[in-house]
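Colleague:
Protein chains: 2
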Amino acid sequence: MPADQLAERLTALRADYEDLQAKGLELDLTRGKPGADQLDLSEGLLSLPTGHRDRSGADVRNYGGLEGLTEIREVFADLLGVDTAQVVAGGNSSLTMMYQVVTWLLLHGAPDSPRPWSQEEKVTFVCPVPGYDRHFTMLAELGIDMVTVPMHDDGPDVPAVRALVADDPSVKGMWLVPTYANPTGAVCSTEVAADLMAMPTAAPDFRILWDNAYVVHHLTDVETKSADALGLASASGHPNRPIMFASTSKITFAGAGVAALAASPENKAWYLKRLSYAAIGPDKVNQLRHVEFFGDADGVRAHMRKHRDLIAPKFAAVQEALSARLDGLGVATWSQPVGGYFVDLNVMDGTAARVVQLAKEAGIALTPAGSAFPYGNDPDDRNIRLAPTFPALAEVEAAMAGVAVCVELAAVEKLTAPVVE
Amino acid sequence: MPADQLAERLTALRADYEDLQAKGLELDLTRGKPGADQLDLSEGLLSLPTGHRDRSGADVRNYGGLEGLTEIREVFADLLGVDTAQVVAGGNSSLTMMYQVVTWLLLHGAPDSPRPWSQEEKVTFVCPVPGYDRHFTMLAELGIDMVTVPMHDDGPDVPAVRALVADDPSVKGMWLVPTYANPTGAVCSTEVAADLMAMPTAAPDFRILWDNAYVVHHLTDVETKSADALGLASASGHPNRPIMFASTSKITFAGAGVAALAASPENKAWYLKRLSYAAIGPDKVNQLRHVEFFGDADGVRAHMRKHRDLIAPKFAAVQEALSARLDGLGVATWSQPVGGYFVDLNVMDGTAARVVQLAKEAGIALTPAGSAFPYGNDPDDRNIRLAPTFPALAEVEAAMAGVAVCVELAAVEKLTAPVVE
C-alpha cells in the first residue's frame, strides 16, 4: 500500500478506535476460565455425595487413601487412556501436582537420577512456544532454565527437541500440553509423541511433563484421542519419561474439581512416597461427589458436549470478528482450534505489546504480550493469547471486534512510523 | 516385690494375657481419627453450599482467590485469636501447608534468611518430645536434623530450648503443638510462649511452626485459650518467628475440611507469593460450604461441644481401664488430657516396644513404640501414644483393659528376666 493510502487508513482506523473507546467497554479475555453458564452445568454437585462410603467400604469423610478413590481413578484412566493402576487422584489442582513433581525432582531427584536436581550445576527444561504461562513462571520461580522449541500443528518440533536433549545432561525436562495445546490448539500426533518418548537423551532421568489439561475439551464432534504417552514410552524403553496430569477444573468447577496424575509404576511409587510426607489423603468426599455426578467416563464425555454447545459459538465469534476485519490484510494470522480454551493470535511482528495496550485503553483486557513465552519474552513481539470462554457471547463479539481494530491500527501505526536511523 | 511373688504374678498375668488373646480382638488405637459418629455431626455439609457467591460477589466455583474466602478467614481468625488479615485459608490439609512452608524455606529461604536453607551446611529443628510423628518424619524426609527438648505440662522446656538456639545458627526452626499437644495434652502457657517468642536466637530467620491442630478441641467445659503467639512475637520484636496452622479436619470431615495458616504480614506475603506458582486458588466451594454450615466461630464452638459429648466418655474409659489395673503398681504413668486426641502412656523403661508387641499379638493395634520421637527413637523405650477417638466406646474399654494387661505383663517379664552380664 502506498504511503498516502496508509496515512488515510491510519486516519480512518484512529476514528474507529475512538468509536471503540467511546463504547466504554469493560471486557476481559485474559484467562481460560469457564463461564458461569458452564459452571451451572455442574450445579448438581452441590447436593452430592448422597453416600459416604467408597466401593471398598472406606468412609470418605475420614483420613487416608493417599492415591485417591479407585472409582475416580478409573474414570481418569478411561479418559486418559491409561491403566487405573497408573493413576493417582488428588486435590483440586493439577498445577499443584506438577509443582510437587518439579520440587521433588529438585529436592530428591527421580528414581533414575544420579542426585537431586538441586545439586546439579544447572537444570534446563525444553519449552515448546507459545505455551502455558504458568508452566514457565513455575520454572523461573524454581531457578530452572528454559530453552524454547517451536510448537507445530502436530506438536513440538522434534528435530529441535532432539538437538537440545541429545548431548546436554543438564536438559532434564520438557513441558507439553499434548491435546488442544495452550494456546495454539495443536494436537500432538502419535508420531511426534513416539519420537519424544523414544529419542535418546543425555540425562538418564529426562522427564516430559505431559499436561493433558484439555484431553476431553473438544469444540467439534470430532473427539480427538490423545497419543498414548505412557504406552509409547514403555514400548521404547523409557517408561519413566512421561508424567501425565489432568483435572476436572474445566469439566466441573474450576477450583473445586479433582486433579490426577498418571505415570509408570516407579514414578507413581516415587510420587506417593514423597506425598506421604506432605499429606494424609486427598478430599475423598469431593472425589465421591464427582463419581456420583458422572457415573463413569462416558458421563464425563456427555457432560463435555454440553460445554461444547455453550462455548463453540464463542470460538466462532472470535473467528468471525477477526476474519471480518483482517482477512486478506496480511497483518495477522490466528489459530482455528477444534478444542481447548484459546485462540492464538499472531499480529504483525513488533506490534503485540502495542495491540494489548490499545485494547486495554479501550477497556478490553488481554493477556500481556509475551506471556506465552518463558520469562515473558516473545522475541518477535507478535503473539497474543485470546481466551473467549468466560465472557458472554455478545461480549466476545464486542471485544473481538475491538481487538481486530487494535490489531490493524497497531500494524498501520508501525508501517507509517518514521524510521529511526 | 520379692522374687517369688513376682514369679507368681507373672504366671497370673500370662493367664490373663491368654484370656485376652482368646477374645480374638481386632481393635485399633493407632491414629487420631474421628469416629463415624463424630463425622455424622457434619452430615449437613453434604448438601451445601446453597449459594455459589462469596460476600465479595465472586463465583466460588471458578478459579482464583489464593488467600481464601474472607468469611472463612474471619472464622479462623476468631478461633485462633488473630486478625483476619493474618490468615490464609487453604485446602484440606494443614500438614500440606506446613510441608509447603518447610520446602519453601529450603528452596527459597524466609524473607529474613541470608540464603535458602538448602544452601546451609546443616539445618536443625528443635523438637519437643514426645511429639507428633508426622512433624518428625517430614523433617527426616527433607534432610533436616532434629534435636529434642522435654515437653512439660506448660509447654517445652524453655531453658533447654534457649540453650539450643542461642549460639548455633544452624538451629533454624522448632515444632510446637501449643494446645492439647499431640500426644501429651500439654497446653503451652502464655509465659512459656512469651519466652519462646522473645528468646535470642543465633539464626536471624528462626521459625516456630505453631501447629494449633487442637485449638478448639476441649474435653471439658473449661475452654482453654491458646497463647497469643503472633501478638507475643510481634511485641518482642520477632513478628516473623511464629507461623500458625490449624484446620477443620477434626471439626468437620478429616480429609475434606479446610486448613489455614496465620502469620505476620511479611510471612503471609512470602507464603502467598510462593503459593502463586503452585496453585491458582483453594477449593472455595468447600470453604463456602463450611461458612454456611457454621455461620461463625461460635457455630464452630457449639459444634465442638457435640464432639466433646461423643469422645469424652472414651477418654474416661481409657483412664478407668488404666487405673483399674495399674494404679499403685508403679509400672506406668499416663496423661489426663483436658483436650485433644490422645492419652500419653509411659510404661516401665525398656518395655514400650514389648507392650506394643504383646498388644498386637492380642489383636490390639497401637502406634509403634518410639513414634512420638524423631527417627522413631525413644531413648527410654517407654512412651506409647493412645488414640481412643476412632473405636466405639465398648471397643475402647476392651482395648484398654487389654493394654493394661500388656503393660503389667511386660513390666513383670522385665523384672523377672535373667540379668544378662
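If you're matching them up, the sequences are chains A and B in order. Once you know that position 270 of the first sequence is 270 in the working numbering, the rest is easy, because the numbers rise by one and skip nothing. Once you know that position 132 of the second sequence is 553 in the working numbering, the rest is easy, because the numbers rise by one and skip nothing. Yeah, the Cβ is synthetic: ideal placement off N, Cα and C, and Gly gets one too.
With the cut-off set at 9 Å, would you say Tyr-635/B and Ala-602/B are in Cβ contact?
Modeller: Taking the first residue of the second sequence as position 1, residue 635/B is located at position 214. Taking the first residue of the second sequence as position 1, residue 602/B is located at position 181. Their beta carbons are under 9 Å apart, which means Tyr-635/B touches Ala-602/B by this criterion.
Colleague: Name the chain B residues whose beta carbon is nearer than 9 Å to that of Pro-200/A?
Modeller: Translated into positions along the first sequence, residue 200/A becomes position 200. Near Pro-200/A there are no residues of chain B at all, since even the closest Cβ is about 31 Å away, more than 9 Å.
Colleague: Between the Cα of Asp-704/B and the Cα atoms of Ala-624/B, Gly-797/B, Arg-628/B, Gly-678/B, which residue gives the shortest distance?
Modeller: Counting from one through the second sequence, the residue named residue 704/B turns up at place 283. Among Ala-624/B, Gly-797/B, Arg-628/B, Gly-678/B, the Cα nearest to that of Asp-704/B is on Gly-678/B.
Colleague: Is the region 370-384 of chain A touching the region 351-358 of chain A, taking contact as three or more C-beta pairs under 8 Å?
Modeller: yes
Colleague: Taking 9 Å as the threshold (beta carbon to beta carbon), is Phe-674/B in contact with chain A?
Modeller: Within the second sequence, numbered from 1, the residue matching residue 674/B stands at position 253. Closer than 9 Å to some Cβ of chain A, the Cβ of Phe-674/B qualifies, so yes.
Colleague: Which residue wins for smallest C-alpha separation from Tyr-692/B, given the options Lys-781/B, His-529/B, Asp-480/B?
Modeller: Position 271 of the second sequence, counted from the first residue, corresponds to residue 692/B. Taking only the C-alpha atoms, the option nearest Tyr-692/B is His-529/B.
Colleague: Which residues does DSSP pair with Leu-209/A in a beta bridge?
Modeller: In the first sequence, the residue the question calls residue 209/A occupies position 209. Beta-bridge pairing links Leu-209/A to Trp-175/A, Ile-243/A.
Colleague: Against chain B, with Cβ distances strictly below 9 Å, would Asp-246/A count as a contact?
Modeller: For the purposes of this step, residue 246/A is taken as the residue at position 246 of the first sequence. The displayed chain sequence assigns Ala, not Asp, to residue 246/A. Closer than 9 Å: no.
Colleague: What in chain A is Cβ-close to Glu-562/B, meaning under 7 Å?
Modeller: Residue 562/B sits at position 141 when you count from the first residue of the second sequence. Tyr-277, listed in chain order.
Colleague: Could you tell me whether the Cβ atoms of Thr-545/B and Val-570/B are closer together than 9 Å?
Modeller: One-based indexing of the second sequence puts residue 545/B at position 124. One-based indexing of the second sequence puts residue 570/B at position 149. No, these two residues do not count as a Cβ contact at 9 Å.
Colleague: Can you say whether Ala-753/B is buried or exposed, counting buried as having 16 or more other CB atoms within 10 angstroms of its CB?
Modeller: As a working note, residue 753/B is residue 332 in the second sequence. That one is buried.
Colleague: Does the CB of Leu-272/A have a neighbour CB from chain B at under 9 Å?
Modeller: Taking the first sequence and counting its residues from 1, the one referred to as residue 272/A is at position 272. Taking Cβ atoms only, chain B never reaches closer than 9 Å to Leu-272/A, which makes this a no.
Colleague: I'd like to know if the region 333-351 of chain A and the region 386-395 of chain A are in contact, where contact means that at least 3 CB-CB pairs between them fall below 8 Å.
Modeller: Yes, they touch.
Colleague: Rounding to the nearest angstrom, what Cα-Cα distance links Thr-788/B and Ala-614/B in this structure?
Modeller: If you number the second sequence from 1, residue 788/B lands on position 367. If you number the second sequence from 1, residue 614/B lands on position 193. C-alpha separation (whole angstroms): 29 Å.
Colleague: Figure out for me which residue from Pro-169/A, Gln-119/A, Pro-49/A, His-238/A has the closest Cα to the Cα of Asp-195/A.
Modeller: As a working mapping, residue 195/A is identified with position 195 in the first sequence. Closest by alpha carbon: His-238/A.
Colleague: Could you check whether the region 32-43 of chain A touches the region 259-275 of chain A, counting it as contact only if at least three pairs of C-beta atoms, one from each stretch, sit closer than 8 Å?
Modeller: no
Colleague: How do the region 551-568 of chain B and the region 493-510 of chain B stand: do at least 3 beta-carbon pairs fall below 8 Å, yes or no?
Modeller: no
Colleague: To which residues of the same chain is Trp-631/B closer than 8 Å at the C-beta, ignoring the five residues directly before and after it?
Modeller: Locating residue 631/B in the second sequence gives position 210, where the first residue counts as 1. Leu-597, Pro-599, Ala-650, Pro-663, Ile-664, Met-665, Phe-666.
Colleague: Of the residues Arg-746/B, Asp-589/B, Val-582/B, Ser-668/B, which one's Cα is nearest the Cα of Leu-830/B?
Modeller: For the purposes of this step, residue 830/B is identified with residue 409 of the second sequence, where counting begins at 1. Checking every option, the nearest Cα to that of Leu-830/B belongs to Arg-746/B.
Colleague: Are there 16 or more other CB atoms within 10 angstroms of the CB of Arg-55/A, so buried, or fewer, so exposed?
Modeller: If you number the first sequence from 1, residue 55/A lands on position 55. Exposed, by the Cβ-count rule.
Colleague: Quick one, which of Val-129/A, Thr-103/A, Pro-130/A, Asp-112/A has its alpha-carbon nearest Ser-118/A's?
Modeller: In the first sequence, the residue the question calls residue 118/A occupies position 118. Looking from the CA of Ser-118/A, the closest CA among Val-129/A, Thr-103/A, Pro-130/A, Asp-112/A belongs to Thr-103/A.
Colleague: Roughly how many angstroms lie between the CA atoms of Leu-45/A and Ala-259/A, to the nearest whole one?
Modeller: Within the first sequence, residue 45/A is the residue found at index 45, counting from 1. Within the first sequence, residue 259/A is the residue found at index 259, counting from 1. Cα to Cα, the separation comes out at about 16 Å.
Colleague: Using DSSP with H/G/I as helix, E/B as strand and the rest coil, what is Pro-150/A?
Modeller: Residue 150/A sits at position 150 when you count from the first residue of the first sequence. In this structure, Pro-150/A counts as strand in the three-state DSSP scheme.
Colleague: Asn-707/B and Leu-501/B - do their beta-carbons sit closer together than 9 Å?
Modeller: Here the question's residue 501/B lines up with position 80 in the second sequence. Here the question's residue 707/B lines up with position 286 in the second sequence. No, Cβ-Cβ distance for Leu-501/B and Asn-707/B is not below 9 Å.
Colleague: Mind the definition here: the region 396-416 of chain A touches the region 59-69 of chain A only if three or more C-beta pairs lie below 8 Å; say whether that holds.
Modeller: Counting Cβ pairs under 8 Å, fewer than three are found: no touch.
Colleague: So Ala-790/B and Leu-450/B are supposed to be a Cβ contact under 8 Å. How far apart are they, rounded?
Modeller: Taking the first residue of the second sequence as 1, we reach residue 790/B at position 369. Taking the first residue of the second sequence as 1, we reach residue 450/B at position 29. Wrong, their Cβ atoms sit about 13 Å apart, outside the cutoff.
Colleague: Name the residues in the region 86-101 of chain A whose C-beta lies less than 7 Å from a C-beta of chain B; which are they?
Modeller: Gly-91, Asn-92, Ser-93, Leu-95, Thr-96, Tyr-99
Colleague: From the DSSP output, read off the bridge partner residues of Leu-448/B.
Modeller: In the second sequence, the residue the question calls residue 448/B occupies position 27. Answer is Ile-785/B, bridged to Leu-448/B.
Colleague: Which residues in chain A have a C-beta closer than 7 Å to the C-beta of Asp-480/B? List them in chain order.
Modeller: In the second sequence, the residue the question calls residue 480/B occupies position 59. The answer, in chain order, is Ala-36, Leu-39.
Colleague: Which of helix, strand or coil does DSSP assign to Arg-695/B?
Modeller: Sequence index remark: in the second sequence, residue 695/B carries index 274 (1-based). Helix at Arg-695/B.
Colleague: Determine, using beta carbons only, whether Glu-816/B and Glu-741/B come nearer to each other than 9 Å.
Modeller: The count along the second sequence starts at 1 and reaches residue 816/B at position 395. The count along the second sequence starts at 1 and reaches residue 741/B at position 320. Not a contact, by the Cβ cut-off of 9 Å.
Colleague: Tell me, which residues are paired with Gly-155/A by DSSP?
Modeller: Counted from its first residue, the first sequence places residue 155/A at position 155. Residue pairing from DSSP places Gly-155/A in a beta bridge opposite His-152/A.
Colleague: Starting from the beta carbon of Arg-452/B, find every residue of chain A whose beta carbon is closer than 8 Å, and list them in chain order.
Modeller: Position 31 of the second sequence, counted from the first residue, corresponds to residue 452/B. Simply Tyr-63.
Colleague: Given that Val-721/B touches chain A, what residues does it touch there, using C-beta distances under 8 Å?
Modeller: By 1-based counting over the second sequence, the position of residue 721/B is 300. Near Val-721/B there are no residues of chain A at all, since even the closest Cβ is about 17 Å away, more than 8 Å.
Colleague: Have a look at Val-608/B, Leu-766/B, Glu-488/B, Gly-720/B and flag the residue whose alpha-carbon is nearest the alpha-carbon of Gly-512/B.
Modeller: As a first step, residue 512/B must be located in the second sequence, where it is residue number 91. Per the Cα distances, Glu-488/B.
Colleague: Sort out for me which residues DSSP pairs Gly-760/B with in a bridge.
Modeller: The residue labelled residue 760/B in the question sits at position 339 within the second sequence. According to DSSP, Gly-760/B bridges with His-639/B.
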